[in-house]
Amino acid sequence: MREVFEVTAQDGAARIGELAIPRAGVTVETPTLMPVVNPNLITVAPSRFPEFGAEMLITNSYIINNDPDLHERALEEGLHEMLGFDGAIMTDSGSFQLAEYGEIDTDTEAILEFQHEIGSDVGTPVDIPTPPDAGREQVARELAETQSRLELAESVDVGDMLVNAPVQGGTFEDLREDAARHAYNTDLDLFPVGAVVPLMNTYRYDAVADAVLAAKRGLGRDAPVHLFGAGHPMMFALAAALGCDLLDSAAYAIYARDDRYLTVHGTEHLDSLHYFPCDCPICAEHTPDEVERMGDAAREQLLAEHNLHVSFGELRRVKQAIKEGSLMELVEARAHAHPRTLDGYRALLDHSEQLEATDPAAKDPFFYTSADSARRPEVLRHHKRLERFDPEGDVLLTEGSGNDGFDDWWNVAPPFGPYPRALSTTYPLNAETPTRMDRAGYEAAADGVRRLAEANPDTAFTLAHRDWPESALERVPPRVDAVDIDAGDAADETAGE
Ligand code: GUN
Ligand code: ZN
């Protein structure tokens, strides 16, 4: 791997980075979104991509190679001139066609040389995108073939063109991880997670999350990761949270072709829209009625432009969230718009431990916005940290205030559980949480009490809580004396009557 990528900010597994593309003479800020250009079906001219915020595009060298006219022009003018785009250009190899049609008439060496000849900045060998539900034997066999092609790719002389090392492995997490480790140990440069398009087309975002996180475990932190075919803005926040640095969108054009309008929450059909729920120039200047009455080409053009605007708008929102450390809140907000993105978020939370390893120690205050927030990496980190404290004697853990009868007293707050009072204004304990806490928040707090108690077997603990549900109290070890502060008040009031 050449040293082309530098991480400049991190939030969980997400990062802002600088990706140097030597052949293009540019450095691209990641996460970046590459519009997909089908040279036979151009909807929005690539010369206009910078207006939307694109720094890089991806096109298919296989299509160009197999079309006599495009082939000749690409060799004569070069790809940048042919497409009218000065930024960085990535080329795919025909592997996708291989997956669709079963065979292609090129190989890794020939296609990489062709990509180099037409001036591509990032090339791709012919990897094998094994479909998601293939059995283990097929996945392993095809992965071995992909790996030998990556090794072949290392030996092709492509000058300063960067080369992708696609990571395959189907839905077998161990194979994905091995594939990633192998790819990382080649001298190739970028690491696309492959064959996830069928998963995304069927909205299986949980399987996407598992595949990407498995690949990430086999890659070093300095590896730029591309999610091949991730084009719907409803999943950009999730993709970034999984640690993806490059995304590509064919959706902006494909959806526009059949009157589909992208939003960060999902897809709308033009004929169901009475108003455009978007601030982009297209939506500000037109009504759905007007666009519907236009000719096919004009309508497709405007919808594609909106689709690009909404995609790059979401990408900027994602980058801002990473910088301020609020990406998980954005992922959660997007997750709650659609049951399938919620599955993706929950799969992400299953790997909180992995996210926690690269999460910064301090960021903007933690916002607890649903029961899922109780499983965020920040909560997990606090619980691990509790095992390193050693309070002594008779210790009160309370949602209320102190009490003279104890040697020491700590605060308790869901979802974190107990913490020394001195930490109450520090991250993440300065969290904004709902007054009407949910069961999951109390249960997580109870887990914190248990962790602290188990780490300090000789300390006596009393937990003074406010009406915690039974499901939370069951998680507190019996030797912790639990008292309900509010029940106490009620008893006093009764006694005073
Ligand atoms: N485009 C979408 N998925 C893939 C993949 O797995 N490999 C390649 N080369 N291109 C893709
Ligand atoms: Zn719009």
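Per full-length UniProt numbering, the sequence shown starts with residue 1, numbered consecutively. Every residue, glycine too, gets a C-beta built ideally from N, C-alpha and C.
Residue side-chain check: Phe228 places its Cβ nearer than 6 Å to a non-hydrogen atom of the ligand GUN.
Contact between Val36 and Asp248 holds, with the beta-carbon distance rounding to 5 Å and staying under 8 Å. With fewer than 16 other beta carbons inside 10 angstroms of its own, Ala361 counts as exposed. When the beta-carbon positions are compared, Ser93 and Val126 come within less than 7 Å of each other. CA-to-CA, the gap between Asp189 and Leu308 works out to about 27 Å. Here Ile58 is buried: its Cβ has 16 or more other Cβ atoms, across all protein chains shown, within 10 Å. For Phe366, the Cβ stays outside the 6 Å cut-off from all heavy atoms of the ligand GUN.
The Cβ-Cβ distance between Tyr419 and Asn430 does not fall below 7 Å. Annotated as proximal: Met234 and Gly266, with beta-carbon spacing under 7 Å. For His338, no alpha helix (DSSP H) segment is defined, and its DSSP state is neither H nor E. For Cys244, the shortest C-beta to heavy atom distance toward the ligand ZN is 6 Å or greater.
In this structure, Ile254 has its CB at a distance of at least 6 Å from all heavy atoms of the ligand ZN.
The beta strand (DSSP E) runs of length 3 or more contained entirely in the segment 127–159 do not exist; there are none. When only Cα atoms are considered, Met56 and Asp271 end up about 32 Å apart.
When beta bridges are read from the DSSP output, Gln320 appears opposite no residue. Contact annotation: the segment 252–260 does not touch the segment 200–219, with fewer than three C-beta pairs closer than 8 Å. Taking every protein chain shown into account, the CB of Gly159 has fewer than 16 other CB atoms within 10 angstroms, so this residue is exposed.
Taking every protein chain shown into account, the CB of Pro434 has fewer than 16 other CB atoms within 10 angstroms, so this residue is exposed.
In the structure shown, the three-state DSSP call for Glu18 is strand. Look at the beta carbons and you see the segment 257–266 not touching the segment 45–52: under three pairs across the two are nearer than 8 Å. A distance criterion of 6 Å places the beta-carbon of Phe5 beyond contact range of the ligand GUN, judged by its closest non-hydrogen atom.
A heavy atom of the ligand ZN is found nearer than 6 Å to the CB of Ile282.
Closer than 6 Å to some heavy atom of the ligand ZN: that does not describe the Cβ of His232. Taking a C-beta distance under 7 Å as the contact criterion, Leu473 and Ala482 qualify as a contact pair. Under a 10 Å Cβ-count criterion, Asn60 is classified as buried, with 16 or more other Cβ atoms of the shown protein chains found around its own Cβ.
About 7 Å separates the beta carbons of Ala413 and Ala445, which is inside the 8 Å limit, making them a contact pair. Relative to the ligand GUN, the beta carbon of Ser249 is positioned no closer than 6 Å to any heavy atom.
By the neighbour-count definition (other C-beta atoms within 10 Å, threshold 16), Leu33 is a buried residue. According to the DSSP assignment, Tyr261 belongs to no alpha helix (DSSP H) but to the beta strand (DSSP E) extending over Arg260 to Thr263.
Going by beta carbons, Gln10 and Leu213 fall outside the 7 Å limit. DSSP places Phe114 inside the alpha helix (DSSP H), whose first and last residues are Thr108 to Glu117. Cβ contact annotation for Arg73 (same chain, cutoff 6 Å, sequence separation greater than five): Met82, in chain order.
Between Gly102 and Leu143, the gap from beta carbon to beta carbon reaches 7 Å or more. For the ligand GUN, no non-hydrogen atom lies closer than 6 Å to the CB of Val212.
Cβ-Cβ distances below 6 Å link Val26 to Ala88 in the same chain, with the five nearest sequence neighbours on each side left out; the list follows chain order. Under the three-state reduction of DSSP output, Pro50 falls in the helix class.
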